[in-house]
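Contents: one structure, followed by commentary.
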Amino acid sequence: VIREPGKLSPPMSGHNTIAVATVLMESGLVEVTEPITEFNLEAPAGVINITAEVSNGKVTAVTLRNVPAFVFHQREAIDVPTLGKVHVDVAYGGMIYALADAEELGLELVPENGREITRIGEMVK
Numbered sequence: 146v147i148r149e150p151g152k153l154s155p156p157m158s159g160h161n162t163i164a165v166a167t168v169l170m171e172s173g174l175v176e177v178t179e180p181i182t183e184f185n186l187e188a189p190a191g192v193i194n195i196t197a198e199v200s201n202g203k204v205t206a207v208t209l210r211n212v213p214a215f216v217f218h219q220r221e222a223i224d225v226p227t228l229g230k231v232h233v234d235v236a237y238g239g240m241i242y243a244l245a246d247a248e249e250l251g252l253e254l255v256p257e258n259g260r261e262i263t264r265i266g267e268m269v270k
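When the letters of the sequence shown are read in order and numbered with our numbering, they come out as residues 146 to 270.
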């Protein structure tokens with residue numbers, strides 16, 4: 146499987162990794178040992194360790210160990226149009242994330258605020 150990272154294809158995606166691992170095992174492209182099969186996948190972000198539970202040739206669970214995570218910046222002040230100065234932590238865990246404090250942005254993390262949370266998240270991004 147060859148996957149190039151791009152705007153719609155992140156360097157690491159847990160969902161994609163689980164799906165690819167399942168297809169590789171159930172199609173016979175990776176040798177399966179029941180009840181536990183272990184192998185590595187190379188993703189654009191790095192090597193991902195896979196541990197899968199297999200029963201009667203079917204994958205029943207997949208666990209992955211992601212690439213190492215680390216923090217680039219803590220409480221970095223950035224200017225966001227219409228919001229002003231926002232403090233973010235910038236971290237890596239297969240992708241780069243900017244994490245902001247919802248309370249500092251005047252947001253309550255409840256489902257009915259989903260549209261506003263998304264709007265502000267896109268502005269900070």
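Note that the Cβ used here is the ideal one computed from N, Cα and C, for glycine as well. Keep in mind it's a predicted model, so treat the numbers as computed, not measured.
Taking V168 as reference, the option from V199, M157 and G191 with the minimal CA-CA separation is V199. Considered as a whole, the stretch 187-252 harbours 191-200, 203-210, 215-225, 229-237 and 241-245 as its complete beta strand (DSSP E) runs of no fewer than 3 residues, in chain order.
Collapsing the DSSP output to three states places T182 in a strand. In the displayed model, G159 falls within a helix according to three-state DSSP. Going by DSSP, V269 is part of the alpha helix (DSSP H) stretching over G259 to V269.
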